[in-house]
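Residue numbers (this note's numbering), protein chains in the order written: chain A, 127 to 591; chain B, 9 to 506.
Beta carbons are placed, not taken as given, at the ideal position from N, Cα and C, and that holds for glycine.
Just so we're clear, the structure is a prediction, and the values are computed from it rather than from any experiment.
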Amino acid sequence: MISRLAGFELEIIRRDSHAWWSLLCLAALVFLSFASTSFDAARDDSDKRAVAAAERARWLGQGTKDPHSAAHYSIFAFKPSPTLSGLDPGIGPFVGQSVWLEAHHQNDLLNRPLQNATLLQRAGLGNPASLLLTFAPLVVFLLAFVVVAQDRERGSLRLALGAASHPSAIIHAKALAIWGASTGLLVLPAVAAEFVLAAVGSHLSIDVFTRLSLWFALMAVYLALLSAIGIVVALRARDARIALAMLFGFWIVAALVLPRAGSSAADTVRPLPSSQIVRQQMLDEAAAYWTAEDTALHKVQLFTQYGVTRTDDIPNFRMAELDMVERHSHQVFDRILGDFYEKVASQDRLFSALGFLSPTIAVQSLSASLSGSDFSHHHDFIVKAEGYRRALVNRMNADGMAHRAEGDERHTNDERLWAQIPTFAYTAPVLGSATGTTLPALGALLLWLVGTWLLLSATARRLRP
Amino acid sequence: MIGPRFVDLFVWEWRQVGRTPLLWVILLTLAASFLWGAGNTGAFHNAQTQAQAGTRAAEAAHRASMERRAISYRAPVTPDKPKVPYWQDPTNVSGFSQYFVFQHALKPHLPLSPLAVGISDLAPGQFEVKLNTGFGFDESYDFENPRGLALGRFDLGFVLVYLLPIALILAFGLLVTFERDRGMLQLVAAQSTRPQLWLGTRMAAILAWIAPVVMASLLLALGVASVSFSDALPELLAAFLLVGGYILLWTGIAALVLSRMPGAAGALGMLGAIWTALAIGLPLLGSILASSVSTAPSGIAFINAQRQTNDAVQTDRDAIVRRAIAARPDLRVAQGDVDKIDHATRLTFLVPETEKRLSQFRAATAAHAEQQARIAIVAGYLIPPIGLQAGLATLAGTGEARQRQFLIQARAYQLRLRGILYPPVQRQIVDPTPDSEPATRGRLNLTDRNILPVFAMTDDSPATRTAAVMPFAVWLWLLGGVLAALGIRRAGKWPPDL
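Rendered as structure tokens:
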């Protein structure tokens with residue numbers, strides 16, 4: 127019975143030109159943004175693959191040289207777009223896409239796609255997730271207003287409830303109709319297109335399929351709880367005007383103000399040290415060009431380490447010093463940058479906990495995490511790229527240390543050594559391994575869902591003709 | 009029948025509107041948002057200013073450390089304290105040029121910066137300017153949580169551009185439709201009051217409350233964010249003009265929609281749709297169109313070009329240096345000594361050559377940026393929220409044009425540093441400073457290391473910044489005025505279905 131009633135309510139929605147066209151316009155925007163975002167990601171990935179292959183060829187073909195020079199030459203690594211970036215590019219446009227993995231430095235990722243963006247480009251940065259999160263509440267509330275508040279205002283709801291043997295079924299049917307229309311038009315086309323793109327591009331692993339399914343479920347849950355909120359407010363408000371004002375107010379606060387205000391608050395409450403301080407700390411503790419006084423200290427440390435008293439007793443003093451300095455820098459980078467990135471994660475955890483204030487925040491955090499486009503996933507790339515850099519530099523230094531060279535002599539090697547370094551190939555973390563910061567958001571969303579469902583059920587039970 | 013005069017009706021409406029709790033809820037929420045937005049941006053910019061002060065302190069510490077070492081390297085060489093390699097020797101001019109120059113270009117915030125965060129959260133406000141980095145400086149940025157960048161900051165600009173229209177939509181949409189929804193508009197229509205007069209006075213009364221409160225709240229918020237009004241008076245007045253025009257624009261839009269006397273649902277639905285179209289729909293389409301007009305040169309492809317060029321330059325390095333020396337009458341005698349030239353000195357010839365070979369890529373990037381900036385200006389007129397955002401950022405000193413000036417000046421600063429250091433570095437090829445006797449630890453061919461000027465950004469005058477936003481302010485006032493007039497004119501008759 128509920129399905130037949132829901133079909134009837136869908137027809138009412140379709141006949142209301144304002145509501146129906148609002149829904150269609152948003153659906154068109156969501157799909158357009160999906161197409162645009164996916165196209166950009168595919169083009170960028172193609173560029174990255176081509177240049178990564180050229181980098182590998184350059185690395186192998188760099189000729190005969192001192193292995194430490196090779197470690198300085200090194201390679202650039204490129205971060206591939208997450209498979210679901212067409213649905214939610216998350217922080218992608220604001221984080222670096224390439225990193226130079228050179229000796230002595232844990233370089234920042236550079237080439238942020240929007241580094242030099244105009245305000246138009248930034249304001250026009252729509253993507254399916256942001257459009258759904260920000261504007262789906264407005265459209266869903268408009269649908270709720272059409273099928274409930276206006277029905278109530280006209281008195282036809284009273285008649286329907288009086289004639290029904292189960293009045294609550296009417297309310298559940300209205301909720302189902304709003305949810306079905308919004309999910310079917312706003313979410314399903316983009317998810318289906320993403321599925322096809324992933325299948326055609328041979329990216330459709332179990333992990334990707336699970337992420338895609340969960341992303342669809344997440345957005346469906348979001349729209350369901352918005353539908354429930356819309357109906358509860360439309361039913362409980364004194365009249366249609368007040369219902370409209372309350373729903374409009376909820377949209378402004380929950381979807382427009384709180385995500386930005388919450389994000390700014392999280393960053394203010396748990397501030398990050400400035401990049402200047404972080405860079406200076408690394409420069410002070412692990413300078414790439416150390417002083418003559420440092421060299422004297424290194425000498426003492428190496429003599430102790432090797433149990434010798436003369437530099438000539440160390441097979442390749444220069445490379446041993448470089449290796450010692452490099453390994454020291456790893457500890458420094460891990461401590462300083464590890465602490466810094468933990469602070470970033472802490473900000474994200476706090477933001478995700480603000481999902482208890484607004485379901486939009488909770489879904490925003492979870493959407494980026496499921497799409498693999500939040501900072502936790504980005505950090506995974508940073509860690510793996512840095513691991514590759516260290517392995518490369520250590521291998522180069524080890525080769526130098528294994529070959530005797532005195533004074534200004536330089537040991538050299540060639541492609542036989544360079545080929546021992548595997549190609550850099552990044553594998554994104556599987557679902558569940560980089561989601562720590564979003565757990566509060568998951569709890570918040572469940573609470574919102576249960577709370578609104580209980581409220582809807584209670585409202586439906588209390589209904590009297 | 010003689011109807012009431014505008015003034016009488018306006019005074020009556022003004023009193024009635026002022027007693028509406030809804031209006032005060034909207035205005036107080038807006039004022040609180042102004043305070044939070046301005047405070048938030050003010051604190052953010054203060055943190056950036058402190059980081060810049062930290063940079064200057066680090067430069068000073070670096071200079072002090074360098075001087076201490078320079079003094080100690082005057083000592084004669086001993087078995088325990090040998091000659092210092094050139095890359096560790098600040099008294100060696102070529103070593104100094106490559107390994108000891110630690111200068112920064114800083115973009116200070118302007119007095120009215122809490123008005124809008126603009127691109128100050130995304131674009132770097134400081135660069136380390138090394139002598140031999142291509143084109144001025146390495147790409148770098150001050151890390152901000154990218155989640156915050158993606159969501160956007162809750163700044164005063166956001167409140168003015170996006171929330172102020174919503175407040176106006178709510179106020180007009182709910183306060184003008186009250187009689188219609190309550191069925192009382194029939195009573196009004198039965199009187200001698202014409203619909204144009206009734207709509208005009210009601211909207212004017214609402215505006216007469218909102219506009220002064222918004223301006224006063226704006227002033228208060230900027231004051232709380234420690235803006236020195238005397239230092240930013242022209243920009244402040246221009247900001248008021250922009251905000252006033254924006255209020256008038258949305259009043260005009262509301263007048264057009266309300267001229268048909270819809271109910272609250274119809275009015276809010278239509279105004280909400282217009283807001284959505286202007287705030288997100290058109291910028292999204294505009295951004296896609298702008299990208300399709302001219303695709304940004306790929307940063308990834310530039311890395312490839314840079315690597316290829318560096319490789320090519322390294323392969324030909326001796327020939328390049330030889331050619332460069334041969335082309336210089338003052339250095340020509342050293343053509344045969346290219347092998348003896350150290351790495352830092354070679355760079356003074358190789359880096360300009362690398363820049364020359366990569367210049368077409370840089371030119372393409374610059375041309376694209378210029379084109380996008382021009383498109384953004386036009387888009388600002390077509391999509392007023394974008395125009396207002398850009399106008400506020402210009403006045404705050406956080407806009408794109410000032411950032412471009414900063415980049416150009418930082419590059420000019422690097423060229424200036426090269427102009428100071430390259431000649432003495434290259435002179436050592438043909439006229440090396442004699443080695444000290446007895447041999448000292450340092451090379452001692454650079455005695456004064458305090459020869460590099462400090463970067464100081466040259467800014468446009470406040471009058472220039474103000475003049476830059478005036479055409480858009482006039483456009484907003486014109487557009488708003490025309491729309492309001494059209495709206496009032498459209499309300500010529502009471503709707504037949506009252």
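If one requires a minimum length of 4 residues, the alpha helix (DSSP H) runs lying completely within the region 359–405 of chain B are 392–404, in chain order. Per DSSP, F248 of chain B has no beta bridge partner at all. For N539 of chain A, the secondary structure class from DSSP, reduced to helix, strand or coil, is strand. When the five nearest sequence neighbours on each side are left out, the beta carbons in the same chain lying within less than 6 Å of the beta carbon of S200 of chain A are those of L227 and E228, in order along the chain.
DSSP places T417 of chain A in the coil class of the three-state scheme, outside both helix and strand. Sequence-distant partners of I282 of chain B (beyond 5 residues in either direction) whose C-beta falls short of 8 Å from its own C-beta, in its chain, are I261 and V265. By the C-beta density criterion, P393 of chain B is buried, having at least 16 other C-beta atoms within 10 angstroms. In the displayed model, V359 of chain A falls within a helix according to three-state DSSP. By the Cβ rule, the region 423–431 of chain A does not count as touching the region 511–526 of chain A, because fewer than three pairs are nearer than 8 Å.
Along the region 65–76 of chain B, going in chain order, the ones with a CB nearer than 7 Å to a CB of chain A are A66. Of the candidates A:L131, A:L259 and A:A412, the residue whose Cα lies closest to the Cα of I288 of chain B is A:L259. Pairing W146 of chain A with G294 of chain B, the inter-Cα distance amounts to about 25 Å. Taking a 10 Å sphere around the C-beta of P397 of chain A, we find fewer than 16 other C-beta atoms and assign the residue as exposed. At the C-beta level, G133 of chain B and Q60 of chain B come within 9 Å of one another.
Judged by DSSP secondary structure, V225 of chain A falls within the beta strand (DSSP E) whose first and last residues are S224 to W226. Residue pairing by DSSP places F18 of chain B in no beta bridge whatsoever.
Segment contact: the region 410–419 of chain B against the region 112–125 of chain B, three or more CB-CB distances shorter than 8 Å; contact assigned. Sequence-distant partners of D239 of chain B (beyond 5 residues in either direction) whose C-beta falls short of 6 Å from its own C-beta, in its chain, are P119. Against chain B, the CB of W146 of chain A has no partner CB under 9 Å away; the residue lies outside that interface.
Remark: three or more beta-carbon pairs, one from each stretch, lie closer than 8 Å, so the region 205–213 of chain B and the region 20–29 of chain B are flagged as touching. Two segments are said to touch when three or more pairs of C-beta atoms, one from each, lie closer than 8 Å; by this definition the region 345–354 of chain A touches the region 483–499 of chain A. When the five nearest sequence neighbours on each side are left out, the beta carbons in the same chain lying within less than 7 Å of the beta carbon of V458 of chain A are those of M408, E411 and A412, in order along the chain. The secondary-structure analysis by DSSP pairs P84 of chain B across a beta bridge with B:T448.
Rounded to whole angstroms, the gap between the alpha carbons of R536 of chain A and A528 of chain A is 12 Å. Chain A places no beta carbon closer than 9 Å to that of D350 of chain B, leaving this residue out of the contacts. With the criterion set as a beta carbon lying under 9 Å from some beta carbon of chain A, the members of the region 135–155 of chain B are E136, D146, E147, S148, Y149, D150, F151, E152, N153, P154 and R155, in sequence order. Contact annotation for T362 of chain B against chain A: no contact, minimum CB-CB distance about 15 Å [criterion: below 9 Å]. In this chain, the alpha helix (DSSP H) harbouring E452 of chain A covers F443 to A479. G222 of chain A is positioned such that its CB atom lies no closer than 9 Å to that of L210 of chain A. At a C-beta separation below 8 Å, L390 of chain B has no neighbours in chain A, since its nearest C-beta there lies roughly 10 Å away.
By the neighbour-count criterion, in which 16 or more other beta carbons inside 10 Å mark a residue as buried, N458 of chain B falls on the exposed side.
The C-beta distance from T406 of chain B to V235 of chain B rounds to 13 Å, too long to fall under 8 Å, and the pair is not in contact. Under DSSP, the beta-bridge partners assigned to H112 of chain B are B:E136. In this structure, L123 of chain B lies away from L396 of chain B, with their beta-carbon atoms at least 9 Å apart. At a beta-carbon threshold of 8 Å, none of the residues of chain A lie near I416 of chain B; the nearest stands roughly 13 Å away. Taking 8 Å as the cut-off between beta carbons, none of the residues of the region 428–445 of chain A comes near chain B.
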